[in-house]
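Enquirer: Pasting a structure here, questions to come.
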Amino acid sequence: MLVDSHTHLDDFPDGELEGVLSRAQAAGVGAIVLAGTTLESSAACVELAQTHPMLLAGVGIHPMDITGPIDDVVFGQLRDAANSTPRVVAVSETGLDFDRGAPDLAMQYQAFREQVRLAVELHLPVIFHSREIPGQPELHNEVLKVLRQEQGWQVGGAMHYFQGDARDAGVCMELGMYISLAKPLLRQPALQEIAASLPLGSIVLETDTYPQPFKGKRENWTEPKDVRQVAEKLAELKGITVEEVEEVTTANFITMCTRPGAPGRSQVLDGVLLHDFQKP
Ligand SMILES: [Zn+2]
Numbered sequence: 228m229l230v231d232s233h234t235h236l237d238d239f240p241d242g243e244l245e246g247v248l249s250r251a252q253a254a255g256v257g258a259i260v261l262a263g264t265t266l267e268s269s270a271a272c273v274e275l276a277q278t279h280p281m282l283l284a285g286v287g288i289h290p291m292d293i294t295g296p297i298d299d300v301v302f303g304q305l306r307d308a309a310n311s312t313p314r315v316v317a318v319s320e321t322g323l324d325f326d327r328g329a330p331d332l333a334m335q336y337q338a339f340r341e342q343v344r345l346a347v348e349l350h351l352p353v354i355f356h357s358r359e360i361p362g363q364p365e366l367h368n369e370v371l372k373v374l375r376q377e378q379g380w381q382v383g384g385a386m387h388y389f390q391g392d393a394r395d396a397g398v399c400m401e402l403g404m405y406i407s408l409a410k411p412l413l414r415q416p417a418l419q420e421i422a423a424s425l426p427l428g429s430i431v432l433e434t435d436t437y438p439q440p441f442k443g444k445r446e447n448w449t450e451p452k453d454v455r456q457v458a459e460k461l462a463e464l465k466g467i468t469v470e471e472v473e474e475v476t477t478a479n480f481i482t483m484c485t486r487p488g489a490p491g492r493s494q495v496l497d498g499v500l501l502h503d504f505q506k507p
């Protein structure tokens, strides 16, 4: 069984979801995490995660969606959303975005720090976003620095849609963070080289699925079912079987979401979703 540890399925029209989930299931995907990007979307993810046994939720405010500081009220709303059901397994999506047109950086840092603090308070892993300015890969280190300063290592998490270099991967692992690989693995030689040398025990998989009308034909949109392609590519690069990739990356996901963990969350992961998965 595979896990897609990062998607935005809440952005799809209601009528689409059933098809997306059944295609994922047919591809051997057993669990999918929905990442919130605003307070409203976090609430929608939490609600959606309670409607289907495959779905889990993250709550968070995406760095591109920051419109003001995270004050006590917003912090409390995120905390309430996270505490509302054990199906919330992460603080996600949060992080920093240095791209042109991104919100004010001071505001982004404040919001990211507060969300890492929330994660530490609630014992939830941080599944985080990090986008550098092309040509300035050292900016990923800024994100990792905040995680270190705010003691993100206490709860772990994953660097979502990993596009960093070997040094970033090393820092992530030192911080007890997983490297989350997505479809860029299918086409980026530099990433393939890094992935081949990473310990399988440090990798989780995702698709970052969101509606992609710019791709034209509907069948060309990325969906959680595509996490199998990422797993197959990783198996090929490492010269191992796809079954081993499935087994270890799913075990990594469970470890990430249950340590030190509220017991309710372990129950959700063990009992409801991953009942046919053998824990190592
Ligand atoms: Zn995302």
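Numbering (the numbering used here), first residue to last: 228 to 507.
In this text, a Cβ means the ideal position worked out from N, Cα and C, and glycines have one as well.
Only a predicted model underlies this, so the values are computations on that prediction, with no experimental measurement involved.
Within this structure, are the beta carbons of His387 and Ser319 separated by less than 9 Å?
Expert: To locate residue 387, count along the sequence shown from 1; it is residue 160. To locate residue 319, count along the sequence shown from 1; it is residue 92. Yes; because the gap between Cβ atoms is below 9 Å, this pair is in contact.
Enquirer: Can you tell me where the beta strand (DSSP E) holding Phe355 begins and where it ends?
Expert: The residue given as residue 355 occupies position 128 in the sequence shown. Taken as a continuous stretch (DSSP letters only), the beta strand (DSSP E) holding Phe355 covers 353 to 358.
Enquirer: By DSSP, does His367 sit in helix, in strand, or in coil?
Expert: Counting from 1 along the sequence shown, the entry for residue 367 is found at position 140. DSSP places His367 in helix when its eight states are reduced to three.
Enquirer: Which residues have a Cβ closer than 6 Å to any heavy atom of ligand 1, listed in chain order?
Expert: Residues with a Cβ closer than 6 Å to any heavy atom of ligand 1, in chain order: His233, His235, Ala262, Glu320, Asp435.
Enquirer: Any chance the region 243 to 257 sits against the region 308 to 326, with 3 or more Cβ pairs inside 8 Å?
Expert: Contact between the region 243 to 257 and the region 308 to 326 is absent, because fewer than three Cβ pairs lie under 8 Å.
Enquirer: Is Thr294 buried or exposed, if buried means 16 or more other CB atoms sit within 10 Å of its CB?
Expert: Start at 1 with the first residue of the sequence shown, and residue 294 comes out as number 67. So Thr294 counts as exposed.
Enquirer: Please determine, among Val382, Asp299, Val398, the residue with the shortest C-alpha to C-alpha distance to Phe389.
Expert: Translated into the one-based positions of the sequence shown, residue 389 becomes position 162. It is Val398 whose Cα lies nearest to the Cα of Phe389.
Enquirer: Taking buried to mean at least 16 other C-beta atoms within 10 Å of its own C-beta, is Val454 buried or exposed?
Expert: Within the sequence shown, the letter at position 227 stands for residue 454. Val454 should be labelled buried.
Enquirer: Which residues does DSSP list as the beta-bridge partners of Gly384?
Expert: Sequence index remark: in the sequence shown, residue 384 carries index 157 (1-based). Beta-bridge pairing links Gly384 to Val353, Met404.
Enquirer: Going straight from the alpha carbon of His502 to that of Val382, what length do you get?
Expert: Within the sequence shown, numbered from 1, the residue matching residue 502 stands at position 275. Within the sequence shown, numbered from 1, the residue matching residue 382 stands at position 155. Confidence in His502 is poor, its pLDDT being 47 and thus under 50, which makes the residue's placement too unreliable to answer from.
Enquirer: Alpha carbon to alpha carbon, how far is Leu371 from Ser424?
Expert: In the sequence shown, residue 371 corresponds to position 144, counting from 1. In the sequence shown, residue 424 corresponds to position 197, counting from 1. Computed Cα separation, rounded: 21 Å.
Enquirer: What does Ile421 pair with, by DSSP beta-bridge criteria?
Expert: Locating residue 421 in the sequence shown gives position 194, where the first residue counts as 1. Per DSSP, none; premise fails for Ile421.
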